[in-house]
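Below: the structure, in structure tokens.
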Amino acid sequence: MEPKPLSLPLKLVMFAALIVVLFPVFWITMTAIKPPTDWNASPAIWVPSEPTFINFKTLFDPDAIREYGVGGVSQSATKAVFGSLTASITATLLSVAIGLFSAIGISRYSGSSKATPLIILSGRMFPPAAIAVPFVIIFSNIGLIDSYTGLIGIYVAVTLPFSTWMLKSFVDDLPREVEEAAMIDGRSRLMAHFTVTIPLIKGGLFATTMFIFILNWSEFMFALVLSYSNISTIPVQLAKYVTATAGTLYGVQAALAVLAMAPLIYVGYLIQGHLARGMTFGAIKQ
Numbered sequence: 001m002e003p004k005p006l007s008l009p010l011k012l013v014m015f016a017a018l019i020v021v022l023f024p025v026f027w028i029t030m031t032a033i034k035p036p037t038d039w040n041a042s043p044a045i046w047v048p049s050e051p052t053f054i055n056f057k058t059l060f061d062p063d064a065i066r067e068y069g070v071g072g073v074s075q076s077a078t079k080a081v082f083g084s085l086t087a088s089i090t091a092t093l094l095s096v097a098i099g100l101f102s103a104i105g106i107s108r109y110s111g112s113s114k115a116t117p118l119i120i121l122s123g124r125m126f127p128p129a130a131i132a133v134p135f136v137i138i139f140s141n142i143g144l145i146d147s148y149t150g151l152i153g154i155y156v157a158v159t160l161p162f163s164t165w166m167l168k169s170f171v172d173d174l175p176r177e178v179e180e181a182a183m184i185d186g187r188s189r190l191m192a193h194f195t196v197t198i199p200l201i202k203g204g205l206f207a208t209t210m211f212i213f214i215l216n217w218s219e220f221m222f223a224l225v226l227s228y229s230n231i232s233t234i235p236v237q238l239a240k241y242v243t244a245t246a247g248t249l250y251g252v253q254a255a256l257a258v259l260a261m262a263p264l265i266y267v268g269y270l271i272q273g274h275l276a277r278g279m280t281f282g283a284i285k286q
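Structure representation (structure tokens):
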């Protein structure tokens, strides 16, 4: 049965929604290639007549923007990019690894309780600001403040409910019989999960990994309160592009935002189908 074509009013509504969603991306991209003279122009300049990559160059060469008469930035973005990559990748791998075995345990060995996934997800129902201060106090006492170890630890803690929740949906959809067949062939229960369960849900595993990476890559609150001078991430670095002579360096901020958005947009496109499925697990059974 072929789907019915969309009506004209619905097409117009969807087109309007698309414009609203994409306009910030368009504006940030245009600002990233504007020279400093166009950042605060009135009336606003939508598309720069003389696009430049000076903002991108300034990210890694703090004095590059001085050629426009604007004071250089305090530090390059290299440390922030390295920090985001280190914290996001490490925390993502740990969160997904722990979440995978948690999901298998809940799906296969916890009985028929439907409340368990919700109880796990309830850990994400607290606003970040409510748990940031206790983490700062605890980490200060044990020496993990302003360290990648502490930042990675809190990233794992706050994303683990999501990784467990999503991966459980993929394990639930896998018939138990395939694991039982592997055990009949002589494999142990653990090896059956390694050789059968995990390979068969690799698509969902990839989607979950990418989703958790997005959460870690764009996290701001915990990175802000847990970092001082030793570590930095891209979201925190974005707030530092302010000078006494030029005020907020909108072009440099936009350039870093474009670099930060590019991988997220690509990853989001790759996982869109799996993400919708993981977020609605249990609602539809095939």
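Be aware that the sequence shown starts at 1, since it is given in UniProt numbering, and climbs by one per residue.
Glycine included, C-beta positions come from ideal geometry on N, C-alpha and C.
Check your understanding: Would you say the segment 135-147 touches the segment 220-228, given that touching needs at least three Cβ pairs under 8 Å?
Key -> yes
**Study point:** Alpha carbon of residue 286 to alpha carbon of residue 172, nearest angstrom
**Key:** Because residue 286 sits at a pLDDT of 42, beneath the cut-off of 50, its placement in the model cannot be relied upon, and the following sentence gives the value as read from the coordinates. Their backbone Cα atoms lie some 11 Å apart in a straight line.
Exercise for review: Taking only runs that begin and end inside the segment 113-137, name each unbroken alpha helix (DSSP H) of 4 or more residues, in chain order.
Suggested key: Entirely contained in the segment 113-137, the alpha helix (DSSP H) runs reaching 4 residues are, in chain order, 115-121.
Practice item. Drop a sphere of 10 angstroms on the beta-carbon of residue 219, count the other beta-carbons inside from all chains shown, and report buried for 16 or more, exposed for fewer. Key: With 16 or more Cβ atoms within 10 Å of its Cβ, residue 219 is classed as buried.
Exercise for review: Inspect the beta-carbon positions of residue 205 and residue 93 and report whether they are closer than 9 Å.
Suggested key: no
Practice item. Compute the Euclidean distance between the alpha carbons of residue 157 and residue 107, then round it to the nearest angstrom. Key: 21 Å
Point to revise | residue 52 - DSSP class collapsed to helix/strand/coil | key: coil
Review point. Do you know how far the Cα of residue 55 is from the Cα of residue 97?
Key: 38 Å
Point to revise | Close Cβ partners of residue 282 (< 6 Å) along its chain, the five nearest in sequence each way excluded | key: Residue confidence is low: residue 282 scores 42 on pLDDT, short of 50, so the model does not pin down where it sits. Its coordinate-derived value is still stated next. Hits under 6 Å: none found.
Exercise for review: Check residue 70 in the structure and name its three-state DSSP category.
Suggested key: coil
Practice item. Write down the C-beta distance between residue 264 and residue 184 rounded to the nearest angstrom, noting that I regard them as a contact closer than 8 Å. Key: Not confirmed; about 44 Å, so no contact.
Check your understanding: Using the beta-carbon count (16 or more within 10 Å), is residue 216 buried or exposed?
Key -> buried
Review point. Any idea which residues DSSP pairs residue 248 with across the strands?
Key: 242
**Study point:** Three-state secondary structure assigned by DSSP to residue 237
**Key:** Three-state result, residue 237: helix.
Exercise for review: Decide yes or no for the touch test of the segment 67-86 against the segment 179-193: beta carbon pairs closer than 8 Å, at least 3 of them.
Suggested key: no
Check your understanding: For residue 35, which of helix, strand or coil comes out of DSSP?
Key -> Secondary structure at residue 35: coil, using DSSP grouped into helix, strand and coil.
Review point. Looking at residue 47 and the ligand ATP, is the gap between the Cβ and the nearest heavy atom below 8 Å?
Key: Ligands in the displayed structure: none, and consequently the ligand ATP is not present.
**Study point:** Rounded straight-line distance, which links the Cα of residue 249 to that of residue 239
**Key:** Whole-angstrom Cα-Cα distance: 10 Å.
Practice item. Go ahead and pull the three-state DSSP assignment for residue 145. Key: The answer is coil: DSSP assigns residue 145 none of H, G, I, E or B.
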